[in-house]
Amino acid sequence: MTPSRRDVLIGTASLGLAAAGLAALPAGAFAAPFDAAAWRRYADRFLQPDGRIVDTGNKGVSHSEGQGYGMLLAAAAGDRAAFDRMWGWTQRTLMVRGDGLVAWRWTPDGGVTDRNNASDGDMLIAWALLRAAELWKTEAYRTAAVAIVKALEAGLLVEHAGLTVLLPGRDGFRKGDTLVLNPSYWIFPAIRAFAALPGGERWGRLTDAGLVLLSKARFGGFQLPPDWMALDTAGTVTVADGFKKQYGYDAVRVPLYLAWDGYRDPYYFRPYADLVAKFGGSTVPATVSLPGGTTTQVAASVGMLAVYRLACRLAGAGGDMVTVPPLAPDEDYYSTTLFHLSALAAQSLGIDP
Amino acid sequence: MTRPVLLSTLLLAGIAALGGGSDAWAQSHGGGRALAPGVKVEVAPAPGSGSAPAAGKVDETALRYYARIGDGERLEAEIARLRALDPTWEPPKDLFAPQPTTPGIDETPFWNLVSAGKVAEARAAIAEQRRKSPSWQPSDKLLQELDLAESAGRIRSASDTKRWQEVVDAAAANPEAVACNRLDNAWRLAEAYAELKQTDRAFDTYKTIVTSCPKAKERRDTIFKASRHLSPDRLRELTALGATANPATGEDYSTVRTAEAELETGRLLERLGNSKAGALSAADLSRVQGIVRDKQDADGAIALGWYFQKQKNFAEAQSWFSQANGWAPSDRAAEGLVLAYNGLGEKAQARAAAAPWKGKSNRVDQALKAVDPPRGPAGGGRGGPQGPSELDRALARQDYAACIAIIRASIAKSGPTAALLQQRGWCLLELKRPSEAEAAFAEAQVLAAREPAKGGASAGGASAGAAVPRTPSAGGLPQSATLAQENAYGQAIARLATGDVAGLTRDLPRANMTAAQKAEIRASLMATEANRALEDKRYNDVLRLLDARKQLEPEPRNLGILRGWALYNLMRYDEAYDQFKAIDDRLSTEESREGVTITWKTIYHDW
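Protein chains in written order, with our numbering: chain A, 46 to 398; chain B, 150 to 756.
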């Protein structure tokens with residue numbers, strides 16, 4: 046079983062509904078900054094008292110990614126108690142593999158139902174720990190982070206076609222000579238933090254490879270990256286077989302992570318601006334088939350729009366191309382998270398307060 | 150100034166042609182013309198055609214890059230291009246002096262990646278640089294190069310996966326990607342329009358190519374490409390344009406004009422060979438005859454010979470078979486000649502034509518049967534003075550279905566003979582029914598063993614029991630095959646046709662056949678093996694087999710093509726090109742053109 050991250054439950058708002066919502070909003074709203082108040086609302090909705098982040102869009106399951114995002118947001122808001130509760134639950138419940146990596150998925154009914162890891166979840170947790178170590182001057186966080194980074198390095202970083210790449214999980218993802226990779230697992234700012242650790246040179250090469258792969262992984266009329274891509278030994282990138290051949294809920298994070306790490310080359314952001322421009326003032330579709338270009342009836346969520354707003358600004362197309370509505374009271378976990386992460390990325394770039 | 154349009158790397162080929170100041174650039178882009186209909190390229194106005202850009206605004210990035218890496222040819226081209234943009238501009242005096250490190254960012258590493266074809270790596274390196282120096286912007290020239298390379302790649306991949314609209318979109322987004330120096334992409338665009346049923350746009354695209362790309366060879370290849378998508382009328386229009394529009398000095402466009410005729414000849418020759426197709430019009434016939442004569446194309450002459458032979462126009466047939474035999478003597482030409490003379494009633498001439506091949510070529514020996522029918526039941530009577538039998542006449546007109554019917558009737562009337570069954574085997578083979586043929590030869594063999602020997606009773610062991618001297622003159626020749634040998638040979642041919650290569654190879658040395666028959670079977674076996682070796686990618690084996698085969702028999706056209714691909718796959722591109730070219734020069738067909746084009750593109754990196 047592969048850690049496939051999103052299913053259709055996410056973003057259930059139909060285009061019609063979303064369009065109606067947009068019409069009621071003032072145009073050109075600025076991204077809401079992520080602050081302590083925002084964090085409290087987030088925790089109220091998604092953080093259980095035991096330290097578990099609930100994916101409300103996916104039947105209330107939890108996963109390593111959610112724990113990582115929650116820990117990052119708590120650190121950004123300076124909420125150490127919440128951070129510790131999340132880290133505690135993660136260690137107790139998900140770090141059951143014995144190799145230092147994190148089991149990726151937990152369900153209310155069955156607990157850990159898939160012991161495979163999801164490399165982006167591991168990375169988010171380790172990166173949050175590194176940030177916490179700095180913020181709260183706590184060596185234990187740093188030690189824990191380094192252990193995860195080393196485990197990732199040993200099991201997930203591989204050399205292929207002259208590139209250092211990241212396998213999406215410990216098991217699977219090798220099909221003969223071809224690797225299946227996930228472009229959105231290149232969490233550039235996290236990778237940069239790992240590269241700065243002693244002996245972190247391979248992580249530096251992972252960044253280089255990520256930029257090269259993202260230049261190759263441009264498909265269809267919009268030149269968007271796929272959720273899942275295949276890399277053969279010759280270095281050729283294709284849309285991976287056996288997965289939905291689309292740009293969607295996974296790959297929308299690609300521009301987010303690039304921006305967060307300080308990349309500003311319009312070349313890497315133009316595909317998203319082109320997508321937004323195509324759908325103009327109306328709603329952007331949540332997924333685009335690749336390379337065909339068929340779009341879904343499901344609209345991009347508020348959080349995805351927040352990412353697009355950022356991408357449009359960096360593409361030189363202007364952020365006012367995208368109107369980001371405020372979060373709805375029942376906005377799901379993923380959309381809300383993307384919304385706040387976009388704000389953090391914009392803040393780190395210095396383009397938002 | 151002549152300039153090789155094809156350079157070693159894809160990307161810099163783009164730069165050089167773009168910078169050529171050359172006819173290629175001027176003609177494909179002058180006045181905003183583009184290969185994508187409806188899309189205009191923004192080009193700086195040609196000197197004198199409007200306001201020139203302000204002096205001092207010339208982008209010398211690429212110029213300095215070429216100077217630094219010492220690429221004189223591209224440097225020269227870039228100077229010409231910049232002069233065309235701004236006639237008042239002079240190349241900087243310090244071009245070859247070591248440059249003080251400029252305060253900006255040195256673009257050399259990016260250009261080096263671009264030169265090496267590492268476009269994604271160049272993009273990555275630029276993004277990284279921009280991350281470090283947010284105020285820095287890469288030069289326009291560098292970005293254009295990258296866009297161009299990516300667009301070209303996009304057109305290729307979209308066309309490979311038959312996403313025709315995306316081909317059109319990508320070309321529209323970057324028309325330079327379908328300029329003359331990327332002819333393959335221009336063809337892909339035209340094909341995309343054709344696939345999208347936008348025939349007018351396909352035609353316009355081809356038209357732009359044949360009127361603006363200066364090389365005759367490119368125009369000619371374009372005619373061949375277009376032939377798959379355009380009607381004969383439009384193709385004719387295209388050819389006329391390609392042969393006359395915007396001629397460049399030193400180019401011979403007569404080859405463009407003949408392209409259409411060659412296409413037509415190829416089609417006509419196919420029809421000639423296809424017995425089901427009707428008669429050709431007088432005009433078509435005269436055209437194909439003219440071209441076959443011009444090219445001294447023996448294969449074409451043989452095809453014409455059979456065409457007339459079937460119409461019982463034996464005089465014309467004889468003339469073409471003679472012609473073929475004169476250009477390139479072969480048993481196929483001799484076979485036709487024998488039958489044509491026979492049709493004219495000139496038996497002595499027929500025998501003379503057969504003489505060089507008698508006993509060496511089964512075809513010719515078979516043809517001779519029509520001239521001097523073997524005595525006995527196969528002759529259906531006394532033979533001799535009465536002229537050829539019904540069966541002989543059927544064979545002479547290559548009517549194998551009739552052959553089967555006549556033999557069936559004959560057997561029903563007076564019982565089977567070895568000779569009749571053997572003839573049945575040959576006719577079945579011609580009808581591509583090899584398993585039945587093999588059975589017929591085996592039956593003939595059994596019967597022959599029981600039949601009393603006729604004449605030559607004192608002949609050697611090999612002929613014991615079945616020596617049937619066919620003709621008075623052939624009777625004494627030791628080379629002439631016995632009936633038993635004919636049967637064995639027929640069986641071998643049938644087994645070849647059923648694909649029993651391994652068994653045949655095993656049995657051949659012990660088979661009762663003449664040396665000539667064995668050689669012929671061996672040659673066929675080697676051809677089959679060579680084909681198999683090519684499929685298995687054992688290219689050296691292909692060449693080894695074909696070389697050995699050549700010792701036995703001249704190499705036919707199809708095996709020549711096979712040889713070409715083996716050479717190609719062994720990366721012996723020059724030899725492969727020469728091989729394909731030689732075949733193509735004799736008669737240009739789809740497959741010979743494909744060989745020439747692909748090899749040429751490989752050699753010159755012109756994908």
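Even for Gly, the Cβ is constructed at its ideal location relative to N, Cα and C. This structure is a prediction, so every number in the text was calculated from the model and none was measured.
At what residues does the beta strand (DSSP E) containing residue i begin and finish?
{"i": "Thr368(A)", "result": "Unbroken run through Thr368(A): none, as it is neither H nor E."}
{"i": "Gly156(A)", "result": "Gly156 to Asn162"}
{"i": "Ala274(A)", "result": "It should be pointed out that residue 274(A) corresponds to Met in this sequence rather than to Ala. Run containing Met274(A): Met274 to Leu276, per the beta strand (DSSP E) assignment."}
{"i": "Val225(A)", "result": "Thr223 to Leu226"}
{"i": "Val359(B)", "result": "Here Val359(B) belongs to no beta strand (DSSP E); instead the alpha helix (DSSP H) covers Thr348 to Ser361."}
{"i": "Val299(A)", "result": "No beta strand (DSSP E) holds Val299(A); the alpha helix (DSSP H) holding it covers Arg298 to Trp305."}
{"i": "Val352(A)", "result": "Careful: Val352(A) lies outside any beta strand (DSSP E), inside the alpha helix (DSSP H) at Val347 to Leu359."}
{"i": "Thr438(A)", "result": "Since the first residue shown for chain A is 46 and the last is 398, residue 438(A) is missing from the structure and cannot be characterised."}
I'd like the span of the alpha helix (DSSP H) that includes residue i, first residue to last.
{"i": "Trp313(B)", "result": "Trp313 to Ala322"}
{"i": "Leu645(B)", "result": "Leu632 to Thr647"}
{"i": "Leu291(B)", "result": "Asp289 to Asp309"}
{"i": "Thr381(A)", "result": "Tyr378 to Leu394"}
{"i": "Leu390(B)", "result": "Pro381 to Thr393"}
{"i": "Thr257(B)", "result": "Thr257 to Ser264"}
{"i": "Val327(B)", "result": "Unbroken run through Val327(B): none, as it is neither H nor E."}
{"i": "Thr677(B)", "result": "Ala664 to Glu684"}
Please classify residue i: does DSSP put it in a helix, a strand, or coil?
{"i": "Arg150(A)", "result": "strand"}
{"i": "Glu204(A)", "result": "strand"}
{"i": "Phe264(A)", "result": "strand"}
{"i": "Gln571(B)", "result": "helix"}
{"i": "Tyr317(A)", "result": "helix"}
{"i": "Tyr292(A)", "result": "strand"}
{"i": "Ser376(B)", "result": "coil"}
{"i": "Ala331(A)", "result": "coil"}
{"i": "Gly111(A)", "result": "helix"}
{"i": "Lys220(A)", "result": "strand"}
{"i": "Asp100(A)", "result": "strand"}
{"i": "Thr341(A)", "result": "coil"}
{"i": "Thr252(A)", "result": "helix"}
{"i": "Thr138(A)", "result": "helix"}
{"i": "Val191(A)", "result": "helix"}
{"i": "Leu224(B)", "result": "helix"}
{"i": "Leu580(B)", "result": "coil"}
{"i": "Leu269(A)", "result": "strand"}
{"i": "Thr407(B)", "result": "helix"}
In chain B, which residues lie less than 7 Å from residue i when you measure between Cβ atoms?
{"i": "Val257(A)", "result": "Ala269, Glu270 and Ala273"}
{"i": "Gly266(A)", "result": "Glu315 and Asp318"}
At 8 Å on the CB atoms, spell out the chain B contacts of residue i, in chain order.
{"i": "Lys261(A)", "result": "Ala269"}
Can you name the residues of chain A whose CB is closer than 7 Å to the CB of residue i?
{"i": "Arg765(B)", "result": "Nothing in the structure corresponds to residue 765(B), since chain B is present only between 150 and 756."}
{"i": "Glu277(B)", "result": "Leu256"}
Given that residue i touches chain A, what residues does it touch there, using C-beta distances under 9 Å?
{"i": "Pro258(B)", "result": "What Pro258(B) touches in chain A: nothing, since even the nearest Cβ is about 13 Å away."}
{"i": "Pro283(B)", "result": "Gly307 and Arg309"}
Indicate whether at least one CB of chain D lies closer than 7 Å to the CB of residue i.
{"i": "Ala598(B)", "result": "Of the protein chains in this structure, namely A and B, none is chain D."}
Please find out if some non-hydrogen atom of the ligand NAP comes closer than 6 Å to the beta-carbon of residue i.
{"i": "Trp149(A)", "result": "Inclusion of the ligand NAP in the displayed structure is not the case, the ligand content being empty and no account of it being possible."}
Exercise. Listed from N- to C-terminal order along the chain, which residues in the segment 234–255 of chain A have their beta-carbon within a distance smaller than 9 Å of any beta-carbon of chain B?
Worked result: Thr252, Asp253, Ala254 and Gly255
For this session: Check each residue of the segment 336–364 of chain A: if its Cβ is closer than 7 Å to any Cβ of chain B, include it; give the result in chain order.
Result: Pro336
Problem set entry | Residues of the segment 298–316 of chain A with Cβ closer than 7 Å to any Cβ of chain B, in chain order | Gly307, Tyr308, Arg309, Asp310, Tyr312 and Tyr313
Problem set entry | Contact set between the segment 302–326 of chain B and chain A, restricted to residues whose Cβ is under 9 Å from the partner | Arg303, Ser306, Ala307, Thr310, Arg312, Gln314, Glu315, Asp318 and Ala319
Exercise. So does the segment 267–283 of chain A actually touch the segment 314–327 of chain A, counting three or more Cβ pairs closer than 8 Å?
Worked result: yes
Exercise. Does the segment 349–360 of chain B come close enough to the segment 378–391 of chain B to have 3 or more Cβ pairs within less than 8 Å?
Worked result: yes
Problem set entry | Meets three-Cβ-pair contact criterion under 8 Å: the segment 287–303 of chain A and the segment 253–273 of chain B | no
Problem set entry | the segment 702–715 of chain B contacting the segment 330–348 of chain B, beta-carbon criterion three pairs below 8 Å | no
Exercise. Does the segment 221–228 of chain A come close enough to the segment 167–181 of chain A that 3 or more CB-CB pairs lie under 8 Å?
Worked result: no
Problem set entry | Segment contact, 8 Å Cβ cut-off, at least three pairs: the segment 679–689 of chain B with the segment 652–659 of chain B | no
Exercise. Does the pairing of the segment 292–303 of chain B with the segment 319–328 of chain B give three or more beta-carbon distances under 8 Å?
Worked result: yes
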